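Numbering (my numbering), first residue to last: 68 to 407. All remarks here apply to the structure that follows.
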């Protein structure tokens with residue numbers, strides 16, 4: 068069912084994807100309520116600078132609130148007209164989950180159930196939430212499909228995202244809350260996160276410092292440009308998931324349901340070798356990287372590759388931004404932002 072919502076609440080609005088989504092929604096004429104805790108997982112200046120851009124639009128309002136604070140979240144829902152919610156707030160990062168697991172429980176589990184409760188009690192018409200390609204974990208059958216079983220995560224971050232999918236399905240079943248989960252594949256682009264490879268590599272190469280190349284450069288990632296991610300979110304946000312009439316409890320399909328629930332991959336459906344990724348950065352920067360080859364890290368998977376057939380079938384879209392173009396746009400932004 069296609070619906071044109073007017074009032075959208077976006078959690079994680081000061082984050083990388085959240086900022087770009089809010090900007091797009093405002094450009095498209097929506098009223099946007101942003102929520103973010105502005106935690107210090109990475110440079111708070113970057114988050115505040117994103118927010119300053121959004122605050123220039125009169126149809127944007129912002130609340131600095133942690134999703135783990137259920138009472139504060141409910142006050143926002145009570146005092147704000149909201150048609151649909153896009154949840155992009157989460158403790159991100161695979162490797163950080165090995166160091167600080169509690170942060171993932173507080174944000175990704177406690178925070179998410181608080182959000183589900185608010186959506187339930189305030190009769191939200193559609194909850195779209197960020198999952199992750201990390202949920203595919205130990206799976207090796209490529210490309211990764213939403214119709215594959217994903218019961219073997221290899222990081223707590225991945226487990227928390229799989230938990231979100233299960234929790235959302237439960238609320239869809241119990242309270243008829245329409246929920247759509249989006250598995251993002253290695254998102255990159257301007258205003259990106261400082262803990263991501265593109266940012267780390269660019270910073271090191273420009274500074275003449277070595278980069279750590281894990282799995283000796285043999286990793287493969289389905290790098291997906293931020294504008295493609297946002298386009299996918301906007302299209303899916305407007306489409307309430309319909310029950311699958313072919314769904315069978317004898318042979319349950321993980322990607323659909325008998326209730327208003329659906330999962331999509333959003334990825335570039337074109338995995339790239341890490342060594343090729345680095346070569347593209349070197350070309351855009353105009354310098355060679357000093358490479359420090361290392362073994363694969365705990366919690367990492369050797370490859371990701373998105374099957375986006377369902378996305379294409381249901382909303383007529385698949386990501387297509389070439390890696391060279393996306394990396395160049397990031398480098399241009401990086402050089403401008405850090406020479407201000």
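Where a beta carbon is used, it is the ideal one built from N, C-alpha and C, also for glycine. None of these values were measured; they are calculated from a predicted model.
Apart from the five residues on each side of it in sequence, which residues of its chain come closer than 8 Å, Cβ to Cβ, to residue i?
| i | result |
| --- | --- |
| residue 259 | 83, 265, 266, 293, 397 |
| residue 71 | 305 |
| residue 219 | 204, 205, 206 |
| residue 382 | 299, 302, 303, 306 |
| residue 278 | 267, 268, 271, 272, 345, 356, 357, 358, 359 |
| residue 140 | 102, 132, 134, 181, 182, 185 |
| residue 55 | In this structure the chain extends from 68 to 407, so residue 55 is not present and cannot be described. |
| residue 314 | 320, 323, 324, 325 |
| residue 95 | 301 |
Run the CB neighbour count on residue i, radius 10 Å, all protein chains shown included, and call it buried at 16 or more, exposed below.
| i | result |
| --- | --- |
| residue 326 | buried |
| residue 73 | exposed |
| residue 111 | exposed |
| residue 97 | buried |
| residue 335 | buried |
| residue 205 | exposed |
| residue 343 | exposed |
| residue 250 | buried |
| residue 401 | buried |
| residue 276 | exposed |
| residue 119 | exposed |
| residue 208 | exposed |
| residue 295 | buried |
| residue 239 | buried |
| residue 174 | buried |
| residue 126 | exposed |
| residue 108 | buried |
| residue 388 | buried |
| residue 241 | exposed |
| residue 247 | buried |
| residue 347 | buried |
| residue 212 | buried |
| residue 380 | exposed |
| residue 114 | buried |
Which same chain residues end up closer than 7 Å to residue i when comparing Cβ atoms and leaving out the 5 residues on each side of it in sequence?
| i | result |
| --- | --- |
| residue 263 | 255 |
| residue 221 | 204, 205, 366, 368 |
| residue 171 | 158, 164, 223, 224, 227 |
| residue 378 | 299, 331, 332, 333, 384, 385 |
| residue 214 | 320, 321, 322 |
| residue 117 | 81, 86, 258 |
| residue 297 | 87, 88, 91 |
Need the endpoints of the beta strand (DSSP E) that residue i sits in, please.
| i | result |
| --- | --- |
| residue 196 | 193-199 |
| residue 128 | 127-131 |
| residue 77 | 74-78 |
| residue 173 | Counting along the chain, residue 173 falls outside any beta strand (DSSP E), and DSSP gives it neither H nor E. |
| residue 385 | Taken as a continuous stretch (DSSP letters only), residue 385 belongs to no beta strand (DSSP E), as it is neither H nor E. |
| residue 330 | 328-333 |
Beta-carbon within less than 6 Å of residue i's beta-carbon, same chain only, minus the 5 sequence neighbours each way: which residues are those?
| i | result |
| --- | --- |
| residue 351 | 394, 395, 398 |
| residue 133 | 104 |
| residue 252 | 200, 289, 291, 334, 371, 373 |
| residue 128 | 100 |
| residue 76 | 100, 149, 152 |
| residue 318 | none |
| residue 85 | 77, 79, 155 |
| residue 261 | 109, 110 |
| residue 280 | 358, 360 |
| residue 144 | 185, 189 |
Starting from residue i, follow the alpha helix (DSSP H) in both directions and report where the run begins and ends.
| i | result |
| --- | --- |
| residue 358 | Looking at the DSSP string, residue 358 is not in any alpha helix (DSSP H); the run it does join, the beta strand (DSSP E), is 357-360. |
| residue 346 | 341-352 |
| residue 396 | 390-404 |
Within 8 Å, do at least three Cβ pairs link the stretch 274-287 to the stretch 335-342? yes
Stretch-stretch touch, CB-based, cutoff 8 Å, three pairs: the stretch 75-94 with the stretch 226-234: no
Quick one: complete beta strand (DSSP E) runs, 3+ long, within the stretch 224-294? 246-251, 277-280
In the stretch 82-169, which residue ranges form an unbroken alpha helix (DSSP H) of at least 4 residues, counting only runs that do not cross its ends? 83-94, 111-121, 137-146, 163-166
Three-pair Cβ contact test at 8 Å for the stretch 316-334 versus the stretch 196-212: yes
Minimum length 4: unbroken alpha helix (DSSP H) runs contained in the stretch 292-317: 293-304
Is the stretch 310-320 in contact with the stretch 345-360, if contact means three or more CB pairs nearer than 8 Å? no
With three or more beta-carbon pairs closer than 8 Å as the criterion, would you say the stretch 147-158 touches the stretch 182-192? yes
Check whether the stretch 121-141 and the stretch 172-182 are in contact - that is, three or more C-beta pairs closer than 8 Å. yes
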